[in-house]
Each structure stands twice: as structure tokens, then as C-alpha cells.
């Protein structure tokens with residue numbers, strides 16, 4: 082079947098499945114957003130947790146990581162895994178013991194301070210807003226390829242889908258549908274990576290990539306270095322910055338709001354811990370493939386699109402030295418989306434990698450088309466990317482709904498559906514068109530982690546082990562929030578040594594210092 086027809090078919094099947102799941106799990110009340118079926122087997126709950134970890138940042142943005150900073154990959158993965166362990170075995174047991182379903186309700190019960198609860202809720206909404214912004218940006222990229230329209234037009238389609246899901250999605254239970262979701266996402270994610278591994282190296286396993294060599298027996302590390310050189314990539318992150326990113330990601334993951342509520346779908350603290358182990362297992366399976374993705378992507382680009390005549394290539398008329406036809410219509414298709422562009426700097430009418438301007442978040446989708454994979458794989462990748470994005474988007478919309486209804490606007494009052502939906506729609510619209518210059522999907526997600534690491538995690542950690550007064554916590558939270566937001570907006574003007582994605586760990590230390598200082602010397606609270 083022709084490629085575009087296959088894409089429409091696969092996407093239609095994927096969207097139908099997710100629409101059906103949304104209707105199946107639709108909540109009948111705002112209480113259902115948090116209090117879901119509590120008898121799920123830990124393995125099933127682990128899959129549902131893993132699904133929300135495989136978001137647009139994993140599916141789309143990680144492949145293009147080499148265009149941003151090729152050294153960050155392992156630090157990011159380490160941060161995610163360590164943060165997952167902190168979340169599962171430190172944060173969740175404490176909240177489960179207190180019988181609280183979210184961080185704002187935990188502080189509300191502990192301190193009975195409306196101003197502190199409101200500030201915590203605002204931070205949760207901000208983190209969720211950034212995460213949703215990343216998913217909507219991803220949806221726009223995927224939809225621009227599906228419908229072959231510009232990214233700006235695709236964003237409006239993404240907005241419509243998000244508003245549609247906001248009206249039908251809920252969280253009444255967790256079903257075996259998550260198993261089906263995980264299988265779809267896993268197959269569509271792993272298949273092109275395995276294909277690239279087999280076609281570019283002498284190995285069949287992406288997990289063993291570093292022990293492999295290329296087809297021409299060139300050493301892999303040399304090939305990777307040459308590929309990076311072809312892009313004229315300059316490493317912009319220092320070792321200190323990368324280590325801080327790993328710590329920031331870990332602390333941010335440990336307090337991810339939309340993941341946290343998944344641990345309350347089991348009957349006990351013990352089953353929550355078991356869910357965590359299952360979730361870590363299913364996440365690790367995906368991440369065992371993802372580790373090799375930036376290197377494979379760089380080599381794929383370097384091998385398949387260097388020194389090719391532009392006009393011949395985009396008309397599918399180009400043949401390589403082995404007389405194998407190279408399909409290049411994908412380049413013109415992506416140029417039409419405004420996410421990829423070619424500028425002939427030396428006027429030789431040939432494509433060089435440094436003449437290609439690529440949105441880093443397009444690399445994974447482009448990989449399969451550039452490598453001349455079968456049409457069904459290309460369609461599978463695109464539909465799988467949409468599935469992963471819709472899954473996380475749904476979880477975030479549910480979290481926004483529940484936070485607005487139970488902790489921000491109405492609290493103990495019966496929610497007014499019109500006002501609730503108006504607030505929700507406003508946030509979704511703003512999240513759709515909010516833009517941080519030069520921030521890829523992955524950087525936006527890490528930025529959300531950074532805010533969480535600098536504000537929520539330090540306070541939550543302290544209150545688990547120390548008797549801290551509410552005034553100290555409030556001012557530490559407020560100062561930390563103002564500090565990191567200010568840093569984000571002034572960073573480009575001063576070009577600081579530490580990036581906004583890494584600064585969360587340091588501001589988190591400032592948060593703890595302010596809390597302990599105020600508690601001991603200003604509000605006279607012994608610690």
C-alpha cells in the first residue's frame with residue numbers, strides 16, 4: 082500500500098483505540114479522578130505507570146539529542162531511573178501512609194494552611210502546564226507529518242484533539258487496555274531501532290551497540306565522532322552541567338504529579354512498591370533500546386544524506402554507489418511542514434548535513450523514512466508516536482481537571498462543570514501556543530523537572546524527616562519558585578555556566594537552606 086494511505090490507516094486505528102479507551106474510562110465525578118479502582122494487580126499497574134514514562138520526550142526528542150548535546154543522553158537516563166526509585170520507595174510510601182492522593186492535599190492535611198496549599202497547587206499546575214506544552218508540541222510535529230501541513234496549522238489540530246480529550250477523558254479505572262497500549266508503543270518504538278542496528282552495524286541488538294562495528298568494519302566510536310563532525314556539532318554542556326542535569330531529573334521525576342497518582346490504584350503500600358518494581362521493569366525494557374538511539378540517528382543521517390544532489394533526491398531518482406534507489410520525497414514533505422529546511426550554502430546543489438536545518442524533535446520520525454524502511458514501519462512509527470503522546474496528554478489533562486476541581490478552584494465545594502471546563506480549556510489553549518525559544522520537547526520536560534526539583538522535592542523531603550513550620554516552608558517555596566522562573570528568563574541574556582535544565586538541583590539546595598534558616602532563626606522553630 083502507498084505510504085500516505087498506510088499512515089492514515091495506522092493513525093485512524095490508533096486514534097480509534099485511544100478514543101474508545103477514553104470513553105471506557107470516563108470518570109463520572111471529579112472524585113473519580115483520584116480515587117480509582119484499588120484492586121489492580123501490581124504488574125498491570127506497573128504497565129500503566131510505564132506508559133506515562135514513555136512520553137513525547139522519550140519517543141520523539143531523544144533521537145535528536147545529538148543535535149543539542151550528545152553527551153547528555155546517559156545522564157538523562159540515569160536521572161530518570163534514579164528518580165523513579167526515589168519516587169517509588171521514598172515519596173509514595175510516605176504519601177500512602179498519610180492517605181493523601183497528591184502533594185497539595187498532603188500539605189493541606191499536615192499544615193492546614195490555605196496559602197501554602199494554594200502555592201503548592203500553583204507549582205503543580207505549572208509543572209503540568211510545561212509537560213502538557215511538550216506533548217502538544219509533539220502532537221503538532223506528528224500531525225504536521227500526517228496531514229503534510231505546516232507546524233503552525235498542525236498545532237490547531239493538536240489543540241482540537243486536546244480539547245476533545247478534555248471533554249471525554251476520565252480515570253474511572255485502570256484496565257487491561259494499558260497492556261495493549263504498551264505493546265503498541267513498544268513495537269513502534271523498538272522496530273525502527275532494531276532495523277537501524279541491523280542495517281548500520283554488524284549487530285542485531287541495540288543494547289550491544291557499543292560492542293559493535295559498522296558494516297565496513299569501521300569502529301563505532303570513530304563513526305559516531307565523524308557523524309557529529311558532519312553536523313558541525315559543538316558540545317555545549319560541561320561535565321558539571323550534565324551531572325547537575327542528572328540530579329535535577331532524578332529529583333524532578335521523584336515528584337512527577339501525573340505519575341504519583343498512579344500509585345494509588347493498588348490496595349496497599351506493599352502493592353505500590355511492587356507496582357514500582359514492575360513499572361521500572363517495563364520502563365527499563367524501553368530504555369534498553371533508547372540508549373543507542375542518538376548514535377544510530379547520527380550515523381543514519383551521515384550515511385544516507387551526505388553529498389546527494391538535492392533535486393534528484395527529492396524526486397526519488399537518486400541511486401547510490403550500489404545502484405540502490407534512495408527515496409528522498411520525505412525531505413520535501415518535511416520541508417513543507419517548516420520543521421526542516423535545506424539551504425545550499427556553497428551553491429553546489431548537493432546536500433551536506435551542515436546545510437540542513439533540523440528541528441531536533443523530528444529526527445526519530447525522519448530516521449525511518451531516510452533509511453528506506455518499509456512503508457508499514459514508517460506508518461507504524463508515526464502512529465506509535467501519536468499513541469505515546471496521546472497517552473501522556475490524557476494523563477496530564479486528567480491531572481489538570483482533578484487539581485482544578487479538588488484543590489484550586491472549588492476545593493470542598495461541588496464543582497461547576499462550566500467554570501471547570503472554561504479554566505481547563507484556557508490552560509490547554511495557552512499550553513498549545515506557549516513557546517520557549519530554542520527549547521526542544523526534551524528540554525521543556527527537563528525544565529518541568531527542574532522546577533519540581535527546586536521547589537516541591539526539597540520541601541517534601543524535609544517534612545518527611547523534620548518538624549518544619551509552615552511559614553518557613555511557604556517562604557522557601559516562594560523564593561525558590563521566583564528564583565528558577567527568573568533564571569529561566571534571564572539565562573539567554575547572561576549566558577550563565579549552568580543551564581536552566583540543570584539549575585533545579587542548586588536552587589533545591591537553596592530551598593533547603595532557606596527553610597532550615599527561617600525555621601531556626603526567624604520563626605524560632607527547633608529542627
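Residue numbers (my numbering): 82 to 608. Glycine is no exception: its CB is placed at the ideal position from the N, C-alpha and C atoms.
- Linking residue 133 to residue 462 through their CA atoms gives a straight-line distance of about 18 Å.
- In this chain, residue 294 is not harboured by any beta strand (DSSP E), its DSSP state being neither H nor E.
- Counted as a single uninterrupted DSSP element, the stretch harbouring residue 173 is not any beta strand (DSSP E) but the alpha helix (DSSP H) occupying residues 173-178.
- Take residue 365, set aside five residues on each side of it, and the residues of its chain with a beta-carbon closer than 8 Å to its own are 162, in chain order.
- According to the DSSP assignment, residue 422 belongs to the beta strand (DSSP E) that extends over 421-423.
- Fully contained in the segment 309-360 are the following alpha helix (DSSP H) runs of length 4 or more, in chain order: 320-334 and 338-341.
- By a beta-carbon distance limit of 8 Å, residue 489 does not contact residue 357. Their separation comes to about 28 Å.
- The Cβ-Cβ distance between residue 329 and residue 530 falls below 7 Å.
- Out of 376, 339, 537 and 266, the CA that lies nearest to the CA of residue 198 is found in 537.
- In this structure, residue 95 lies near residue 467, with their beta-carbon atoms less than 7 Å apart.
- DSSP places residue 446 in the uninterrupted alpha helix (DSSP H) bounded by 444-451.
- Between residue 156 and residue 323, the CB-CB gap stays under 7 Å.
- The segment 273-292 and the segment 545-561 do not touch, with fewer than three beta-carbon pairs separated by less than 8 Å.
- Only residues of its own chain outside the window of five on either side were considered, and among them 461 and 465 have a CB closer than 8 Å to the CB of residue 268, listed in chain order.
- In this structure, the CA atom of residue 452 is about 17 Å from the CA atom of residue 391.
- When DSSP states are grouped into helix, strand and coil, residue 437 belongs to the strand group.
- If you ignore the 5 residues before and after residue 124, its C-beta comes within less than 7 Å of the C-beta of 359, all in its own chain and listed in chain order.
- The C-alpha of residue 471 is placed about 32 Å away from the C-alpha of residue 542.
- Excluding residues up to 5 positions away in sequence, 82 and 460 lie with their Cβ nearer than 8 Å to the Cβ of residue 90 in the same chain.
- Between residue 526 and residue 154, the CB-CB gap reaches or exceeds 7 Å.
- By the criterion of a C-beta distance shorter than 6 Å, residue 288 is surrounded in its chain by 369, once the five residues flanking it on both sides are discounted.
- Boundaries of the alpha helix (DSSP H) harbouring residue 212: 195-228, taken from the DSSP string.
- When DSSP states are grouped into helix, strand and coil, residue 399 belongs to the strand group.
- Collapsing the DSSP output to three states places residue 189 in a helix.
- If the five residues before and after residue 565 are omitted, its C-beta is found closer than 7 Å to the C-beta atoms of 531, 532, 535, 584, 585 and 588, all from its own chain and listed in chain order.
- Its chain contains no residue whose beta carbon lies nearer than 6 Å to that of residue 191 once the 5 sequence neighbours on both sides are disregarded.
- Rounded to whole angstroms, residue 337 and residue 520 show a C-alpha spacing of 20 Å.
- In the DSSP assignment, residue 157 falls within the alpha helix (DSSP H) that extends over 153-167.
- Per DSSP, residue 542 is one residue of the alpha helix (DSSP H) stretching across 537-546.
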